[in-house]
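Under my numbering, the residues of the sequence shown are numbered 361 to 1174, in order. Presented below is the structure to which this report refers.
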Amino acid sequence: MRRLLQAILLTFLLTGFVFVNAQKSIDAYRIDGPIEIDGMLNEAEWEASEIATDFITLRPKVGLSPEQKTRVRVLYDDEAIYIGASMDEVSRDSIMTQLTQRDDVGNTDIFGMILDTYGSGNDALEFVVGATGVQFDAAMMRDGNEDTNWDAVWFSGVHLHDKGWDCEIMIPYSAIRFPKQEEQVWRVNFFRRQSRTQVQGFWNPIDPKVSGFVNQSGLLKNIVDIKPPLRLSLSPYFSTYALHHHDPNASPVNSTGYSWNGGLDLKLGLTDAFTLDMTLIPDFGQVQSDEQVLNLSPFEIRFSENRPFFTEGTEIFNSGGIFYSRRVGGRPIGYGRAYESLGEHEVVTSNPETSRLYNATKISGRNRSGLGIGIFNAIGQHTEAVITDSLSGKQRRVVTAPLTNYNVLVFDQNLKNQSSLSLTNTNVWRKGNEFYEANVSNLSFDIRNNKQSYGLIGNVTLANQVYWDEEDNNSYKYFLGIRKISGNWRGLIYVNEESPTYDINDLGFIRSPNERSVSLEVAYRIFDPFWNFNQGNVWFEVDYSRLVDPNAFARLRFNTGFWVESKNFWDYNMWLNYRPQSYDYFEPRVQGRYYAMPAFGNAGFWVGTDNRKPFRMSMFGFAYKVDEVDRWGYEFGLNPRYRVSDSFTFYIDSGFDMNNNDVGFVDLGAHSEIYFGKRNRRTYTNTVGMFYNFTEKMGIDMRTRHYWSKVYYNSFFELGNEGQLLPTDFNAFQDLSYNSFTVDFVFNWRFAPGSDIFIVWKNNISGVTYDDNIDYKRRNYMDGVSSLGSFPQNNSLSLRVVYYLDYVQVKKWL
């Protein structure tokens, strides 16, 4: 009996050990004959290969065996790897099939794989196919973060039937990178999502309490005697534009123009690990319009990057947090010089908003030892504004940007336990001595223990701006934090300091330097169903900040909240903020001065209904109160979305923001006075959009946005030396409203692998109404809509054709 008990105990312990630590593996099967990628797993090779099955759920409950089985097989030859998946389902009608475009799987059943060809556990590629045939791919990074802008050319097919659906995927070796060695051993995981039930399962189980996804993958083995091909592809493009400008205040009122452009994108595999990406004479005229707003703050607005070359495969360049790609080809550094130098009777007749690029180049990759290298370089052309004398007609030019070279260099080393160490340098060189040059270096680290439970993160940044006729600006920043990254309890405590003149904005982005802060973040995450919820989390944050120079208190802030997902897949989020009296050293726009801000508190919520349903509504709202008489505000928004059919979806996104007796900077006086005002502000934002997809490769995307904001002042004050508001005789007219109306209509047809035709119509109307004959207090939203006709309007209709040429395929044809 004693021996029997010992045997049972030993078996139990071994079973537990295997369950926790086992890593599944599957052998790939070499083939010689062709595989037709049509979703029909009817070739004999599929039957001869090993099967990966027994998926384990991650959502909505962890650790279960899905009711509907999934079986995956892997084949390979000298050119590609092939994945075949058979997915059982109750019936054909149980398969969700919302038709979308590439990289948007929507409300669709999906099958996908995570592929880490270097086995680091940090970086991987993700390939996903929807039941509609829509493809999604992404670069997956440590902690499960995705870079969805990464794109490759690969092939897939699906077949739906009464008992489920089947999927075939072919990934050419030219689309991935892997080391040169006799046998490839890759990390791999397969996953499936059933949209009807929201069941998500993985072949190699994922424990949500453990940090990361890639490191929890299984193994793909027995891929032997394959060689990385010459990875060379060209994507020449041609684009043409018809432009129309309407300005009721100009002469002539209407003007038209035409233009055409041609260029080339090139990808070249320099080694098995590193790739060169180059764009020659890039054209970004078809990117989505920026969401312009009325900015009354002392800080710059940060806009999203929409240009494909600067979004695809750039994750390594962001490792140090000092690269903001919108600086490249963005607004010229001397854009304002044209207006500062105006003489009597002079007007600015031309002042380009962006600097055109001659070219841009990226080299990036990671070798088998885990060293990632990134090199980015771009050259921006010389840019000038034209100033015209309205009486004589004589013109002169002002340089707003010289010939400029932008460079980023990154070394990022993977270490044990999914740790990393990276060094990033950015450099901006400008020709001539009218402007300055800038250099920034950053050292970052993320060190984790063996159990992936705790980590030490930090970075040090040194910035240098070199001027020709004045002293250089040398500045620094450092950050150091300790965090808990696994388990139900997560947390982070860190210190951060930025020197008074810290400036990385030549190729990076920062709003407010001269800060020393300490912060604590604690969260409790619930992964298993509880009460009427599937999962959720609660959090608490507190941060304390001071100025570096002078060493003065600035702010103390508390934040807490929760998020839960119900069993009917509604989402609920609520939060609370409180900030005692603080001191704002940036709003006065004068160094050393500050505004004493009264105590402040707000509360908000966000609710979203079941995303699986044809009609979905999300809504949010929050209200705040400042510890001053009649100073408060609120904001709310609604985002209804309706899927008319699997092909057609439309949505509305509306918001209203009201600030009552808000306090902010107005102007500077002739004798160093700083004037503030109490103002009421009303902002309306309405976006209407629709998607219509003819096939998974052809569709229409239209988005119309109108933004209107008005500001009217109730009273004015002079800012005192102790940050208080003092009475003043200042009473200059400051009321205004801002209008922005944009239309983006895009027709896209992927007519061949990697090849697209885009037809884009863009409309833009924007302007400021600043008229002391208008009573802004009574001005309403419809007044803002009706005034759109008084502003300049730009329309453009463009055609862009891109054709993808891959060396391997061209060689086959020849």
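We put the CB at the ideal spot given by N, CA and C, even for glycine. None of the values given here were measured: they were computed from a predicted structure.
- Using a Cβ distance threshold of 8 Å, G490 and D511 do not count as a contacting pair.
- By the Cβ criterion, the region 704-724 is in contact with the region 638-649, since at least three pairs of Cβ atoms, one from each stretch, lie closer than 8 Å.
- In the DSSP assignment, K1070 forms a beta bridge with R1042, S1097.
- D1143 sits in a helix when the DSSP states are folded into three classes.
- Excluding its 5 nearest sequence neighbours in each direction, E901 has C-beta neighbours in its own chain below 6 Å: E881, N919, listed in chain order.
- With a contact defined as Cβ atoms closer than 8 Å, I886 and N933 miss out at about 14 Å.
- Minimum Cα-Cα distance from G1144 among the listed residues W1121, Y699, T1045, L636 corresponds to T1045.
- Inclusion of L1086 and F1076 in the CB contact set at 8 Å is not warranted, their separation being larger than that value.
- Separation of the CB atoms of L1096 and T1129 is rounded to 6 Å, and the pair is thereby assigned contact status at 8 Å.
- The C-beta of M456 has 16 or more other C-beta atoms within 10 Å across all chains shown, which makes the residue buried.
- In this structure, N737 places its C-beta atom within 8 Å of the C-beta atom of Y766.
- Linking L626 to G472 through their CA atoms gives a straight-line distance of about 28 Å.
- For T920, the three-state secondary structure derived from DSSP is strand.
- In the displayed model, P568 falls within coil according to three-state DSSP, outside both helix and strand.
- Sequence-distant Cβ neighbours of Y814 in its own chain, meaning closer than 6 Å and more than five residues away, are K844.
- Assigned with DSSP and collapsed to three states, Y436 falls in strand.
- For E875, there is no enclosing alpha helix (DSSP H); the enclosing beta strand (DSSP E) covers residues 875-886.
- Sorting Y854, R850, V908, A883 by C-alpha distance to the C-alpha of P873 places V908 at the top.
- If you compare the alpha carbons of S480, F980, P940, G680 with that of G572, the shortest gap goes to S480.
- Fewer than three beta-carbon pairs drawn from the region 496-505 and the region 737-754 are found closer than 8 Å, and the two stretches are therefore not classed as touching.
- Per the C-alpha coordinates, the member of P762, E706, R667, D1022 positioned closest to Q755 is E706.
- Taking a C-beta distance under 8 Å as the contact criterion, D931 and V967 qualify as a contact pair.
- Less than 8 Å separates the beta-carbon of N467 from that of N971.
- Within the same chain, Cβ atoms closer than 6 Å to the Cβ of D398 are found at G517, the five residues on either side in sequence being excluded.
- Here the alpha carbons of V708 and R953 stand approximately 34 Å from one another.
- Scanning S780, V950, S1005, D1104 for the CA closest to the CA of L1028 turns up V950.
- The three-state reading of DSSP puts Q544 in strand, counting E and B together.
- Annotated three-state conformation of I676 is helix, per DSSP.
- By the C-beta density criterion, V1170 is exposed, having fewer than 16 other C-beta atoms within 10 angstroms.
- For E405, the enclosing alpha helix (DSSP H) begins and ends at 404-408.
- Assigned with DSSP and collapsed to three states, F1107 falls in strand.
- For T709, the enclosing beta strand (DSSP E) covers residues 706-710.
- Membership of T671 in the alpha helix (DSSP H) is indicated by the continuous run 668-671.
- Burial is judged here by how many other beta carbons sit within 10 angstroms of a residue's own beta carbon; Q1084 has fewer than 16 and is exposed.
- Between I817 and I682, the gap from beta carbon to beta carbon reaches 8 Å or more.
- Collapsing the DSSP output to three states places D503 in a helix.
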